[in-house]
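K.L.:
Sequential numbering of the sequence shown, starting at 7, is according to the numbering used here.
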Amino acid sequence: MDRLERIVPAMEGFGFRAAKGQTIRVTDVNGEQVADFVVYRADDPTERIDPNVTMDALHKMKVVPGDILYSNKYQPILTVLKDDCGVHDFINAACRREMYELLYDKKEHPSCHDNLSLALAEFGLSEPDQHYPFNLFMNTVIGPDGSITVKRPVSRAGDSIELRAEMDLICAISACPCSESECNGYVCTPIRVEVY
């Protein structure tokens, strides 16, 4: 199995493969940077990571080492091996151009949706209506009144999460391009991806 290491520049995306049993390490290089992460079964792209199914199967929203992340077909797709940060997000869809237009009055803004779609296109996967990623290092706070607020990430420079592939995967990651809010601490920075 090949080893891979890549720095994903701020505001950009990257697609890659991971074989069953390999470890995927995602590192927040400078700290406070969200990475939208999607994975698909390599031999059947109708099966993909599903945050809602994962929450349903685990009966919780916060994962810890040893927890399994599930596909839309309720099959183990990744296992959390190690996590320096411990704060990630399952509930927010990937940001997209239309979101920036609605919330920030900005047209044609770079987005995780476009980054992920472009990265997956290299593997022949078509653009979905929306990406529902595992948002690494994203700090989403749900208030007692049901309000949802995205706060500054608590991840520090060098914090990483390690995940074991439970099937052969096609993966894509986006170093989130939102500098308009606390989501990335108002500054977009790179993400490191390693597969080994």
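Don't be surprised by glycine CBs; every beta carbon is placed ideally from N, CA and C. Just so it is clear, the structure is predicted and the values come from calculations on it, not from any experiment.
By Cβ distance, which residues of its chain are closer than 6 angstroms to Ile-30, with the 5 residues on each side in sequence left out?
P.N.:
Along the sequence shown, one-based indexing puts residue 30 at 24. Contacts found: Ala-24, Leu-169, Val-201.
K.L.:
On the criterion of 16 or more Cβ atoms from any shown chain inside 10 Å, does Glu-53 qualify as buried, or is it exposed?
P.N.:
Along the sequence shown, one-based indexing puts residue 53 at 47. Taking all protein chains in view, the Cβ of Glu-53 is crowded by 16 or more other Cβ atoms within 10 Å, so the residue is classified as buried.
K.L.:
Restricting to runs no shorter than 4 residues, where is the alpha helix (DSSP H) found entirely within the stretch 109-153?
P.N.:
Taken in chain order, the whole alpha helix (DSSP H) runs of length 4 or more contained in the stretch 109-153 are 118-127.
K.L.:
Relative to the C-alpha of Tyr-76, which candidate in Arg-103, Val-59, Pro-51, Cys-91 has its C-alpha closest?
P.N.:
Looking up residue 76 in the sequence shown gives position 70. Of Arg-103, Val-59, Pro-51, Cys-91, the residue nearest in Cα terms is Val-59.
K.L.:
One question on the structure: do Thr-195 and Gln-39 come within less than 7 angstroms of each other, judged by their Cβ atoms?
P.N.:
The residue you call residue 195 lines up with position 189 of the sequence shown. The residue you call residue 39 lines up with position 33 of the sequence shown. Yes, Cβ-Cβ distance for Thr-195 and Gln-39 is below 7 angstroms.
K.L.:
Any contact between the stretch 41-49 and the stretch 104-115? By contact I mean 3 or more CB pairs, one from each, below 8 angstroms.
P.N.:
no
K.L.:
Mind pulling the beta strand (DSSP E) runs of 3 or more residues that sit fully within the stretch 162-193?
P.N.:
Every beta strand (DSSP E) of 3 residues or more that sits fully in the stretch 162-193 is shown, in chain order, as 166-171, 175-181.
K.L.:
What three-state label does DSSP hand Val-32 in the structure shown?
P.N.:
Stepping through the sequence shown from its first residue, residue 32 is reached at position 26. Here Val-32 sits in strand by DSSP.
K.L.:
What does the alpha-carbon distance come out to for the pair Arg-158 and Ser-187?
P.N.:
Within the sequence shown, numbered from 1, the residue matching residue 158 stands at position 152. Within the sequence shown, numbered from 1, the residue matching residue 187 stands at position 181. Each residue's Cα considered, the two are about 8 angstroms apart.
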